[in-house]
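Residue numbers (the numbering used here): 21 to 317.
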């Protein structure tokens, strides 16, 4: 019996135990026709849009997409069920463990460059909280399948929790800040001093009491403007690659906003090295939340 059939049998076993109905292909097609859902596990849904986004990343013919869509739906349902089974036992992954994996991903995949990370999230229409939630689910799924392959009945993160209790020094975290940003960039070759005048005018409005989020939505040019410039999660110094951005962010107390400042934009070259693009942006930052250094519970 191959791995897929074993996992499928495992999935159907869990589904039967939890009283969950798994839609077949015909059922999924009916759901798409009605409300563009292709599958549902309680309150968790798989949409046609989600399915299309995944399949469009692959260089497939229409016939191949049709065949692969069933595989994607089945795998997605399996993962949703595995996550549900894990959480139904009252188990959890320690926040510190998730934090460590989150930081590893930023370093490994984005060279610790938060701008590159935000651009990636924008390309996937995700927020940082979405990314973090997906990461937690990946950890749960990996743990569940690892236990399943070893023939164990359930997932037990007790060893992870015990390791945390016995090695708290390893989970020491630096201070963190949750930021909002207003970014101004030249759209039609505007010189730096013109943009700085705009930034100074915005700074004056902030001092007069206009909400930072309101100004970010109205005047910001970053991918985060629709969220009022909200970065979406607490960030440590290591997660902010630009030295000046890091300095400005961690000089703020909770509720404070910065003076406008200029950032030289960077990107990754084909060899994965960070290089300057020759472009610039002007930023204002707001410290929405500040967390002091300590041991993460």
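Glycine included, each C-beta is placed from N, C-alpha and C at the ideal position.
Practice task
List the residues that DSSP assigns as beta-bridge partners of residue 307.
Solution key: For the purposes of this step, residue 307 is taken as the residue at position 287 of the chain shown. Paired residues: 199.
Handout entry: At least three beta-carbon pairs within less than 8 Å, the segment 292-305 to the segment 199-210
Key = yes
Exercise for the section: Please work out which residues of its chain come closer than 6 Å, Cβ to Cβ, to residue 286, disregarding the five sequence neighbours upstream and downstream, and give them in chain order. Expected result: Against the chain shown, residue 286 aligns to sequence position 266. Closer than 6 Å at Cβ, skipping near neighbours: 294 and 296.
Practice task
Determine the direct distance from the alpha carbon of residue 166 to that of residue 105, and round the result to whole angstroms.
Solution key: Within the chain shown, the letter at position 85 stands for residue 105. Within the chain shown, the letter at position 146 stands for residue 166. Each residue's alpha carbon lies about 14 Å from the other.
Practice task
Please state whether DSSP places residue 134 in a helix, a strand or coil.
Solution key: Here residue 134 refers to the residue found at position 114 when the chain shown is read from its first residue. In the structure shown, residue 134 sits in a helix (DSSP, three-state: H, G or I).
Handout entry: Span separating the alpha-carbon of residue 210 from that of residue 306
Key = Against the chain shown, residue 210 aligns to sequence position 190. Against the chain shown, residue 306 aligns to sequence position 286. Answer to the nearest angstrom: the Cα atoms are 25 Å apart.
Practice task
With DSSP as the reference, label residue 111 as helix, strand or coil.
Solution key: Here residue 111 corresponds to residue number 91 of the chain shown, with the count starting at 1. Residue 111: coil per DSSP, three-state reduction.
Problem - Residue closest to residue 164, alpha-carbon to alpha-carbon, out of 84, 275, 102 and 109 - result: As a first step, residue 164 must be located in the chain shown, where it is residue number 144. Closest option to residue 164, Cα to Cα, is 102.
Problem - residue 304 beta carbon near the ligand ADP (any heavy atom closer than 6 Å) - result: This structure lacks the ligand ADP; in fact it carries no ligand of any kind.
Problem - Per-residue DSSP class, three states only, for residue 250 - result: Numbered from 1 along the chain shown, position 230 holds the residue referred to as residue 250. If DSSP states are grouped into helix, strand and coil, residue 250 belongs with the strands.
Practice task
Return helix, strand or coil for residue 278, following the three-state DSSP convention.
Solution key: Position 258 of the chain shown holds residue 278. In this structure, residue 278 counts as coil in the three-state DSSP scheme.
Handout entry: Collapsed DSSP secondary structure at residue 120 in the structure displayed
Key = The count along the chain shown starts at 1 and reaches residue 120 at position 100. If DSSP states are grouped into helix, strand and coil, residue 120 belongs with the helices.
Exercise for the section: Starting from residue 228, follow the alpha helix (DSSP H) in both directions and report where the run begins and ends. Expected result: Translated into positions along the chain shown, residue 228 becomes position 208. Careful: residue 228 lies outside any alpha helix (DSSP H) and carries neither H nor E.
Handout entry: Stretch-stretch touch, CB-based, cutoff 8 Å, three pairs: the segment 126-136 with the segment 253-270
Key = yes
Exercise for the section: Report yes or no: do three or more beta-carbon pairs, one from the segment 141-151 and one from the segment 242-258, lie closer than 8 Å? Expected result: yes
Problem - Exposure label - residue 62; buried when at least 16 CB within 10 Å - result: Along the chain shown, one-based indexing puts residue 62 at 42. Caution is warranted here: a pLDDT of 49 is assigned to residue 62, below 50, making its placement in the model unreliable, and no coordinate value can be reported.
Handout entry: residue 195 vs residue 313 beta-carbon contact at 7 Å
Key = Position 175 of the chain shown, counted from the first residue, corresponds to residue 195. Position 293 of the chain shown, counted from the first residue, corresponds to residue 313. In this structure, residue 313 lies closer than 7 Å to residue 195 by Cβ.
Problem - Beta-carbon proximity check, residue 236 vs residue 245, cutoff 7 Å - result: Here residue 236 refers to the residue found at position 216 when the chain shown is read from its first residue. Here residue 245 refers to the residue found at position 225 when the chain shown is read from its first residue. In this structure, residue 245 lies closer than 7 Å to residue 236 by Cβ.
Handout entry: Buried versus exposed call for residue 229 [16 or more other C-beta atoms within 10 Å across all chains shown]
Key = In the chain shown, the residue the question calls residue 229 occupies position 209. Exposed: under 16 other Cβ atoms inside 10 Å.
Exercise for the section: Answer with yes or no whether the minimum CB distance from residue 252 to chain D is below 7 Å. Expected result: Absent here is chain D; the protein component of the structure consists of one chain.
Handout entry: Cβ-based neighbour list, residue 125, same chain, cut-off 6 Å, excluding 5 preceding and 5 following
Key = For the purposes of this step, residue 125 is taken as residue 105 along the chain shown, with counting starting at 1. Cβ neighbours of residue 125 beyond the five flanking positions: none.
Handout entry: Distance between beta carbons of residue 277 and residue 264, contact taken as under 8 Å
Key = On the chain shown, position 244 is the one that residue 264 refers to. On the chain shown, position 257 is the one that residue 277 refers to. Wrong, their Cβ atoms sit about 16 Å apart, outside the cutoff.
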